[in-house]
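See structure below.
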Amino acid sequence: MVRPSLRRLTAAVVTAALLAGGLAAGAGTSGATGSAILLGEATGSADLTAGSSGLTAGSTDLVAATGSSSNNPDLPRTATRTVENVSATREVIGDNTGLPGDTVTYRTTVAATAAPDRLVTRIADLPSHVQVYVPGSAKVTYTAADGTRTTEAVTPVRTTAANGLDSLAVSGPGWPISAESGATLVYEITYRWTDDNVVNLTMFPTTRLDTGVALDVTGLGTVGWTAMGALAGCEQYCVWRLFDAFEFIGQRSGS
6 MVRPSLRRLT AAVVTAALLA GGLAAGAGTS GATGSAILLG EATGSADLTA
56 GSSGLTAGST DLVAATGSSS NNPDLPRTAT RTVENVSATR EVIGDNTGLP
106 GDTVTYRTTV AATAAPDRLV TRIADLPSHV QVYVPGSAKV TYTAADGTRT
156 TEAVTPVRTT AANGLDSLAV SGPGWPISAE SGATLVYEIT YRWTDDNVVN
206 LTMFPTTRLD TGVALDVTGL GTVGWTAMGA LAGCEQYCVW RLFDAFEFIG
256 QRSGS
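Using this note's numbering, the final residue of the sequence shown is 260, and nothing's skipped along the way.
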């Protein structure tokens with residue numbers, strides 16, 4: 006396990022190197038890549054491109070957030086995106102900032118805003134690159150055929166894309182969403198911020214990390230957003246892994 010003193014020293018050394026390489030505050034944040042991705046199998050879906058309102062690139066915003074408490078009022082907790090008559094609302098539940106080893110929970114509610122009724126056959130959570138799924142935390146709540154609301158524990162299937170980022174998906178025979186009946190699908194999942202025993206580096210005390218969701222919906226195919234806008238913040242050592250930092254320095258220097 007890396008001692009805190011060594012970790013701080015390493016961070017200081019790499020910070021100096023990054024600054025020398027051009028990653029100065031206000032000038033170098035463009036070197037960071039997005040923290041959430043589209044599902045690999047969803048590539049090419051029209052609903053995941055220009056037609057999806059709110060789809061944004063670059064879902065990691067390396068901007069200092071004020072304060073370091075577990076609840077940061079400057080981070081928006083809720084965001085809603087809509088495609089045709091399907092809306093997805095994503096919320097950060099509980100603490101919206103934390104240290105490595107702490108957890109953060111997201112709740113995504115899928116609803117129909119108008120006719121027709123639809124079925125959601127798959128929902129995938131798109132976490133940031135510094136979030137690890139907490140086993141046993143995922144659950145779905147839906148309206149059963151008899152009209153009762155039912156909550157079930159689920160085991161998401163992890164898919165890793167070519168760039169190493171994960172999606173956590175669950176599938177079913179079809180969860181109904183209806184504007185008339187009010188039926189919705191709720192997917193809740195918890196992640197742990199990157200383990201503190203890995204040397205990491207952040208340029209700022211707290212980062213602003215976005216995440217996303219993708220859906221398979223009858224009549225629409227696959228729709229989704231890589232960056233929903235409900236933000237959470239990880240404090241020290243969560244963003245830049247050491248080897249990523251040196252790789253960035255090499256790219257900036259042309260080596």
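A virtual CB, placed ideally from N, CA and C, is assigned to each residue, including glycine.
Span of the beta strand (DSSP E) holding residue i?
| i | result |
| --- | --- |
| G224 | Here G224 belongs to no beta strand (DSSP E), and DSSP marks it neither H nor E. |
| P178 | D171 to I182 |
| R112 | T108 to A117 |
| R82 | Segment: none, R82 is in no beta strand (DSSP E) and carries neither H nor E. |
| T195 | L190 to W198 |
| A237 | Counting along the chain, A237 falls outside any beta strand (DSSP E), and DSSP gives it neither H nor E. |
From the options, pick the residue whose C-alpha is nearest to that of residue i; which is it?
| i | options | result |
| --- | --- | --- |
| T148 | V139, T165 and V191 | V191 |
| G4 | T195, T199 and D215 | An answer regarding residue 4 cannot be provided, because it is not within the stretch 6 to 260 covered by the chain. |
| V145 | T160, P132 and G234 | T160 |
| R123 | V162, D215 and T223 | T223 |
| S176 | G152, S186, A143 and V139 | A143 |
| T231 | T108, S75, L131 and P121 | L131 |
| S75 | T87, V88, T108 and T83 | T108 |
| S172 | A116, P121, V137 and V88 | V137 |
| T153 | A116, A117 and G187 | G187 |
Who are the near neighbours of residue i in its chain, counting only those whose CB is closer than 6 Å to its CB and skipping five residues on each side?
| i | result |
| --- | --- |
| R112 | E96, I98 and E193 |
| T114 | T94, T189 and V191 |
| T110 | I98, G99 and T195 |
Report the rounded CA-to-CA distance for residue i versus residue j, giving the unit in angstroms.
| i | j | result |
| --- | --- | --- |
| E240 | G103 | 6 Å |
| N101 | L236 | 7 Å |
| L225 | G106 | 38 Å |
| A219 | V135 | 19 Å |
| V125 | W198 | 29 Å |
| E157 | N77 | 31 Å |
| T216 | A174 | 14 Å |
| R163 | I128 | 12 Å |
| V294 | A116 | This structure gives no information on residue 294, because the portion of the chain shown stretches from 6 to 260. |
| G179 | A150 | 11 Å |
| G63 | S133 | The pLDDT assigned to G63 is 33, lower than 50, so where the model puts this residue is not dependable; a value taken from the coordinates is nonetheless given after this. Cα to Cα, the separation comes out at about 11 Å. |
| D221 | G229 | 9 Å |
If you drop the 5 nearest sequence neighbours on each side, which residues of the same chain put their C-beta closer than 7 Å to that of residue i?
| i | result |
| --- | --- |
| A119 | N90 and A184 |
Using C-beta distances below 8 Å, list every residue in its chain close to residue i, excluding the 5 sequence neighbours before and after it, in chain order.
| i | result |
| --- | --- |
| P81 | G234, A235 and L236 |
| T85 | S92, A93, T94 and R95 |
3 or more residues per run - each beta strand (DSSP E) lying fully within the region 127 to 174: 136 to 138, 144 to 148, 154 to 158 and 162 to 165
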